[in-house]
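Colleague: Note that the protein sequences, when read in sequence, are chains S and E. Taking our numbering, the leading residue of the first sequence gets 2, the next gets one more, and so forth. Taking our numbering, the leading residue of the second sequence gets 5, the next gets one more, and so forth. One structure coming up, written as structure tokens, with questions to follow.
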Amino acid sequence: MTITEKKVIQETNNDTILEVNNLKKYFPIKGGVLRRTVGHVKAVDDVSLKVFRGETLGIVGESGSGKSTLGRVILRLLSPTDGQILFENEDITSKSNRQLRPIRKDMQIVFQDPYASLNPSMSVQELIEEPLIVQTNLDKNERKKKVNEILDKVGLRTSDQLKYPHEFSGGQRQRISIARALVLNPKFVVCDEPVSALDVSIQAQVLNLMADLQDELNLTYLFISHDLSVVKHISDRVAVMYLGRIAEVAPKREIYEKPLHPYTQALLSSIPTVDKNSRREKIILQGDLPSPSNPPSGCPFRTRCPKAFDLCSEVRPELKDMGNNHYVACHLYE
Amino acid sequence: MEKTPILEVKDLKTYFYLEGNKVAKAVDGVDFQIYPGETVALVGESGSGKSITSLSIMKLIDKPGKIEGGSILFSGTDLISLTEKQMTKIRGNDMAMIFQEPMTALNPVFTIGNQIMESLRKHQKISKKEAYIKAVELLKIVGFPRAEETIREYPHQLSGGMRQRAMIAIALSCNPKLLIADEPTTALDATIQAQILTLLDEMKEKFHMSILLITHDLGIVAEHADRVMVMYGGQIVESTSVERLFENPLHPYTRGLLESLPSIDREVERLGAIKGIVPPAFNFPKGCRFSDRCPYAMEECHQSNPKLLEIETNHQARCFLYKESV
Ligand SMILES: Nc1ncnc2c1ncn2[C@@H]1O[C@H](COP(=O)(O)OP(=O)(O)OP(=O)(O)O)[C@@H](O)[C@H]1O
Ligand SMILES: Nc1ncnc2c1ncn2[C@@H]1O[C@H](COP(=O)(O)OP(=O)(O)OP(=O)(O)O)[C@@H](O)[C@H]1O
Ligand code: SF4
Ligand SMILES: [Mg+2]
Ligand SMILES: [Mg+2]
Numbered sequence: 002m003t004i005t006e007k008k009v010i011q012e013t014n015n016d017t018i019l020e021v022n023n024l025k026k027y028f029p030i031k032g033g034v035l036r037r038t039v040g041h042v043k044a045v046d047d048v049s050l051k052v053f054r055g056e057t058l059g060i061v062g063e064s065g066s067g068k069s070t071l072g073r074v075i076l077r078l079l080s081p082t083d084g085q086i087l088f089e090n091e092d093i094t095s096k097s098n099r100q101l102r103p104i105r106k107d108m109q110i111v112f113q114d115p116y117a118s119l120n121p122s123m124s125v126q127e128l129i130e131e132p133l134i135v136q137t138n139l140d141k142n143e144r145k146k147k148v149n150e151i152l153d154k155v156g157l158r159t160s161d162q163l164k165y166p167h168e169f170s171g172g173q174r175q176r177i178s179i180a181r182a183l184v185l186n187p188k189f190v191v192c193d194e195p196v197s198a199l200d201v202s203i204q205a206q207v208l209n210l211m212a213d214l215q216d217e218l219n220l221t222y223l224f225i226s227h228d229l230s231v232v233k234h235i236s237d238r239v240a241v242m243y244l245g246r247i248a249e250v251a252p253k254r255e256i257y258e259k260p261l262h263p264y265t266q267a268l269l270s271s272i273p274t275v276d277k278n279s280r281r282e283k284i285i286l287q288g289d290l291p292s293p294s295n296p297p298s299g300c301p302f303r304t305r306c307p308k309a310f311d312l313c314s315e316v317r318p319e320l321k322d323m324g325n326n327h328y329v330a331c332h333l334y335e
Numbered sequence: 005m006e007k008t009p010i011l012e013v014k015d016l017k018t019y020f021y022l023e024g025n026k027v028a029k030a031v032d033g034v035d036f037q038i039y040p041g042e043t044v045a046l047v048g049e050s051g052s053g054k055s056i057t058s059l060s061i062m063k064l065i066d067k068p069g070k071i072e073g074g075s076i077l078f079s080g081t082d083l084i085s086l087t088e089k090q091m092t093k094i095r096g097n098d099m100a101m102i103f104q105e106p107m108t109a110l111n112p113v114f115t116i117g118n119q120i121m122e123s124l125r126k127h128q129k130i131s132k133k134e135a136y137i138k139a140v141e142l143l144k145i146v147g148f149p150r151a152e153e154t155i156r157e158y159p160h161q162l163s164g165g166m167r168q169r170a171m172i173a174i175a176l177s178c179n180p181k182l183l184i185a186d187e188p189t190t191a192l193d194a195t196i197q198a199q200i201l202t203l204l205d206e207m208k209e210k211f212h213m214s215i216l217l218i219t220h221d222l223g224i225v226a227e228h229a230d231r232v233m234v235m236y237g238g239q240i241v242e243s244t245s246v247e248r249l250f251e252n253p254l255h256p257y258t259r260g261l262l263e264s265l266p267s268i269d270r271e272v273e274r275l276g277a278i279k280g281i282v283p284p285a286f287n288f289p290k291g292c293r294f295s296d297r298c299p300y301a302m303e304e305c306h307q308s309n310p311k312l313l314e315i316e317t318n319h320q321a322r323c324f325l326y327k328e329s330v
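Written as structure tokens, this is what we have:
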């Protein structure tokens with residue numbers, strides 16, 4: 002299936018696998034001797050989005066913009082402060098851990114750092130078998146068969162099973178994490194910077210693998226990255242986050258060719274590229290990202306926005322439908 | 005460019021002596037020149053020897069590492085033969101360095117102002133008052149509008165991008181002829197990276213410096229360097245002007261790197277991954293160091309390591325696919 006075909010399918014049957022409404026995650030900031038809550042880090046602040054079955058939704062944004070928190074809250078690895086999460090039309094917002102158990106095997110996560118996320122004292126075989134023991138009633142032989150199958154799929158040798166994580170290179174370790182996430186045959190996978198720690202030649206191997214597995218296993222990805230080139234390569238749609246909010250979301254061609262939000266425009270222009278002909282004029286933003294514990298009033302981007310005007314400091318812009326599945330939160334488009 | 009180079013590195017070798025009699029040949033026969041006013045990029049994947057090359061030039065190699073051979077001519081002086089005391093004079097004077105993680109290079113217990121003023125007074129005979137005025141001026145140049153306040157702040161009070169700008173101010177405080185920037189923006193976000201790289205370009209003009217820019221990002225090379233050297237396995241495998249490298253890459257490794265890069269301009273279904281992994285510096289394959297991953301490898305590639313030869317005018321490559329131009 003080509004990328005365009007895939008898009009047409011989504012738009013026609015619009016099969017939503019995940020829906021998030023007004024999601025918030027605030028972390029308390031404790032202070033003083035009594036460790037009282039003195040404020041909140043608004044890591045995710047009123048996010049609404051849909052993910053369609055079979056697509057890859059890329060999430061980009063600078064460090065601290067709330068990408069990982071969003072991914073974790075969606076999987077209910079963190080409890081939301083407010084809002085709603087629907088997975089396959091089922092409200093999972095306030096389900097208990099026990100109630101979540103049967104759903105968990107459908108939703109998995111691959112982390113950035115394969116060092117930190119793999120227990121160093123477990124062999125590859127144990128690492129991959131563990132989720133099967135926890136989540137399924139398969140017997141030993143069936144589990145063994147599954148482990149072998151998935152090892153083969155991610156391009157590791159069956160003989161690698163008895164080795165430990167430190168005996169592998171970064172790229173191979175990431176294959177182990179992917180195998181671990183996919184062994185339960187999930188429908189939806191949050192990929193949190195899965196290639197950010199890898200060299201480009203290895204990154205390409207892992208990205209190709211993830212694309213192949215998606216086709217083969219009909220996976221849906223929420224792909225988090227701060228690398229806009231990687232996200233463009235792998236995604237069907239892209240959402241841009243800024244200070245816990247979505248600034249813009251659109252099909253990838255739309256957003257890369259016609260970015261509307263001033264932040265998206267600056268972000269795209271700032272990526273150094275080897276292709277002289279498509280180099281954009283750099284929009285150099287002044288200043289740094291404000292603290293998410295004390296976000297600016299109105300539009301969160303207004304303190305760095307070259308186009309900000311009076312209204313921007315007074316009213317918070319909501320996501321507005323611009324047609325072609327393109328949404329933007331900016332007062333310039335009202 | 006018919007000028008004399010400001011830096012000329014010849015056959016540089018830096019080895020690390022590891023347990024079990026293993027020798028990591030981190031830098032193994034590196035030759036290059038840097039001319040006044042140019043930015044030369046050193047690009048390559050993790051472990052290829054970029055940082056060790058730059059640390060060798062600064063003579064900051066510690067045990068178990070050792071500079072085993074070659075020469076480093078800086079403004080005509082061979083640094084290899086200098087004593088540590090003589091070297092200290094050059095470091096942070098004619099030659100300065102900024103790193104990926106500025107926190108490791110900044111002293112956490114002194115204010116930013118303290119550190120710039122100390123650096124200024126180490127290299128110039130000026131009073132405290134003059135140093136203060138100069139420090140404020142430098143901070144303004146590198147983009148701190150409230151420099152009078154910043155000067156009183158400690159490193160931990162600054163964001164990553166601000167710390168890197170403070171590092172640049174310290175580096176500039178001694179008016180260096182050569183600035184070595186080792187992945188100066190790798191830890192920073194895209195919009196902040198753009199700020200810093202633009203600043204470095206401006207500073208190069210303003211202070212008439214040369215820059216050795218170490219990076220693994222070919223996009224940065226394309227936009228900010230004049231010449232480029234591609235490093236693999238402790239050696240330079242290709243060296244030419246930036247235009248040439250992207251128009252006509254010669255070495256199979258360079259080509260592989262370019263194909264494995266996802267681009268925001270092109271759309272491809274699959275990336276051209278290079279098979280295998282970067283070999284460790286204590287265990288290179290026999291022959292050409294890229295031979296175990298190279299799609300073009302021939303018989304002789306597994307026998308001996310090719311030399312870096314001039315294939316076309318001002319374009320060198322280390323690969324048996326090419327013959328030296330005469
Ligand atoms: N457990 C926590 N407790 C308190 N604050 C947190 C916690 N986790 C995240 N935060 C804060 O929430 C904000 C968003 O963090 P998050 O990790 O989601 O960002 P991110 O976009 O993934 O960034 P990065 O690109 O650096 O991974 C940050 O300000 C962070 O410091
Ligand atoms: N202190 C050390 N002890 C042993 N080996 C070392 C030491 N420092 C570096 N090396 C080895 O030297 C080689 C080159 O390292 P170097 O740090 O120069 O790589 P690099 O190109 O800068 O990589 P990166 O992109 O990861 O910064 C590596 O194989 C590394 O393992
Ligand atoms: S609302 Fe204003 S500040 Fe926000 S993005 Fe639009 S123009 Fe910029
Ligand atoms: Mg994150
Ligand atoms: Mg390095």
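Each residue gets a CB set at the ideal place from its N, CA and C atoms; glycine is no exception. These numbers were taken from a predicted model, which means no experiment stands behind them.
1. Count the other CB atoms, across all protein chains shown, that sit within 10 Å of the CB of Ala-117(S); report buried if there are 16 or more and exposed otherwise.
2. Return the CA-CA distance between Thr-154(E) and Ala-139(E), expressed in angstroms with no decimal places.
3. Got a sec? Which residues, its chain only, sit under 7 Å from Cys-178(E) by beta carbon, not counting five neighbours each side?
4. Do Pro-195(S) and Gln-109(S) come within 7 Å of each other at the CB atom, strictly closer than that value?
5. Got a sec, what are the start and stop residues for the beta strand (DSSP E) Ser-49(S) sits in?
6. If you draw a straight line from the alpha carbon of Lys-145(S) to that of Leu-183(S), how long is it in whole angstroms?
7. Could you pull the start and end residues of the alpha helix (DSSP H) that Gly-72(S) belongs to?
8. For Thr-221(S) and Val-74(S), which I take to be in contact (beta-carbon distance under 8 Å), what is that distance rounded to the nearest angstrom?
9. Could you say which of Ile-71(E), Asp-221(E), Met-107(E) and Ala-170(E) lies nearest to Asp-228(S) if we only look at CA atoms?
10. For Ser-314(S), which three-state DSSP category applies?
11. With Thr-108(E) as the anchor, note down where its alpha helix (DSSP H) starts and where it stops.
12. Please enumerate, following chain order, all residues with a beta carbon closer than 6 Å to at least one heavy atom belonging to ligand 1.
13. So Gly-62(S) and Met-242(S) are in contact, right, with Cβ under 8 Å, and what is the actual spacing, rounded?
14. List in chain order: all unbroken alpha helix (DSSP H) runs of 4+ residues lying wholly within the region 60-94 of chain E.
15. Going by beta carbon distance, what residues of the same chain come within less than 6 Å of Gln-136(S), once the five residues before and after it are set aside?
16. What's the C-alpha gap between Lys-154(S) and Phe-78(E)?
17. Is Ile-145(E) close to chain S? Criterion is C-beta to C-beta, closer than 7 Å.
18. Name the residues in the region 193-218 of chain S whose C-beta lies less than 8 Å from a C-beta of chain E; which are they?
19. With respect to the beta strand (DSSP E) encompassing Ala-45(E), which residues constitute its N-terminal and C-terminal limits?
20. With C-beta atoms as the reference, is Val-234(E) less than 7 Å away from Val-47(E)?
21. Below 8 Å on C-beta distance, what does Gly-172(S) contact in chain E?
22. Should the region 22-31 of chain S be regarded as contacting the region 199-216 of chain S, the criterion being three or more beta carbon pairs within less than 8 Å?
23. In angstroms with no decimal places, state the Cα-to-Cα distance between Ala-285(E) and Lys-29(E).
24. Between Leu-286(S) and chain E, is any beta-carbon pair separated by less than 7 Å?
25. For ligand 5, which residues count as neighbours when the test is a C-beta closer than 7 Å to any heavy atom?
26. What do you get for Arg-303(S), buried or exposed, if any count of 16 or more other CB atoms within 10 angstroms of its CB means buried?
27. Give me whichever residues DSSP pairs with Met-211(S) in a beta bridge.
28. What are the start and end residues of the beta strand (DSSP E) that includes Gln-85(S)?
29. Between Thr-274(S) and chain E, is the shortest Cβ-Cβ distance under 7 Å, so that the two count as touching?
30. Taking Thr-265(S) as part of the alpha helix (DSSP H), name the residues at either end of that continuous run.
31. Can a CB atom of chain B be found closer than 7 Å to the CB of Val-231(S)?
32. Over the uninterrupted beta strand (DSSP E) stretch that includes Pro-29(S), give me the two end residues.
33. Quick one: grab the DSSP three-state call for Tyr-165(S).
34. What in chain S is Cβ-close to Arg-274(E), meaning under 8 Å?
35. Leaving aside the five residues before and after Ile-256(S) along the sequence, list all residues of the same chain whose C-beta is less than 7 Å from its C-beta, in chain order.
36. Going by DSSP, name the residue or residues bridged to Pro-252(S).
Modeller: In short, the structure shows the following:
1. Exposed, because fewer than 16 other Cβ atoms sit within 10 Å of the Cβ of Ala-117(S).
2. Each residue's alpha carbon lies about 10 Å from the other.
3. For Cys-178(E), where only same-chain residues beyond five positions count, the Cβ hits under 7 Å are Gly-96, Asn-97, Ala-100, Ser-123 and His-127.
4. Going by C-beta atoms, Gln-109(S) is not nearer than 7 Å to Pro-195(S).
5. Taken as a continuous stretch (DSSP letters only), the beta strand (DSSP E) holding Ser-49(S) covers 37-53.
6. Taking the straight line joining both Cα atoms gives about 15 Å.
7. Element bounds for Gly-72(S): 68-75.
8. About 17 Å separates the two Cβ atoms, so there is no contact after all.
9. By alpha-carbon distance to Asp-228(S), the top candidate from Ile-71(E), Asp-221(E), Met-107(E) and Ala-170(E) is Asp-221(E).
10. Ser-314(S): helix per DSSP, three-state reduction.
11. In the DSSP assignment, Thr-108(E) falls within the unbroken alpha helix (DSSP H) covering 106-109.
12. With 6 Å as the limit between CB and the heavy atoms of ligand 1, the residues that fall short of it are Phe-28(S), Val-42(S), Ala-44(S), Gly-62(S), Ser-64(S), Gly-65(S), Ser-66(S), Gly-67(S), Lys-68(S), Ser-69(S), Thr-70(S), His-227(S) and Pro-293(S).
13. Under the criterion of beta carbons closer than 8 Å, Gly-62(S) and Met-242(S) qualify as touching, at roughly 3 Å.
14. DSSP runs (the alpha helix (DSSP H)) wholly in the region 60-94 of chain E: 88-94.
15. So the qualifying residues of the chain are Lys-106 and Leu-185.
16. Between Lys-154(S) and Phe-78(E), the C-alpha separation is close to 53 Å.
17. Not closer than 7 Å to any Cβ of chain S, the Cβ of Ile-145(E) fails to qualify, so no.
18. Listed by position along the chain: Asp-200, Val-201, Ser-202, Ile-203, Gln-204, Ala-205, Gln-206, Leu-208, Asn-209 and Ala-212.
19. Under the DSSP assignment, Ala-45(E) falls in the beta strand (DSSP E) whose first and last residues are 43-47.
20. Cβ distance < 7 Å, so Val-234(E) and Val-47(E) count as in contact.
21. Residues of chain E whose Cβ lies closer than 8 Å to the Cβ of Gly-172(S) are, in chain order, Ile-281.
22. Put simply, the region 22-31 of chain S does not touch the region 199-216 of chain S. Fewer than three CB pairs are less than 8 Å apart.
23. Taken atom to atom, the span from the alpha-carbon of Ala-285(E) to that of Lys-29(E) is near 5 Å.
24. For Leu-286(S), the answer is yes, since a Cβ of chain E falls inside 7 Å of its Cβ.
25. The set of residues with any CB-heavy atom separation to ligand 5 below 7 Å comprises, in chain order, Lys-54(E), Ser-55(E), Asp-186(E), Glu-187(E) and Ile-218(E).
26. By the neighbour-count definition (other C-beta atoms within 10 Å, threshold 16), Arg-303(S) is a buried residue.
27. Answer by DSSP bridge pairing: none, since Met-211(S) is not bridged.
28. Per DSSP, Gln-85(S) belongs to the beta strand (DSSP E) from 83-88.
29. So, interface residue.
30. Element bounds for Thr-265(S): 263-270.
31. The chain labelled as chain B is not found among the protein chains of the depicted structure, namely S and E.
32. Going by DSSP, Pro-29(S) is part of the beta strand (DSSP E) stretching over 17-32.
33. It is coil, neither helix nor strand.
34. Within chain S, the residues near Arg-274(E) are Asn-209 and Ala-212.
35. The residues are Val-239, Glu-249 and Thr-265.
36. Paired residues: Arg-238(S).
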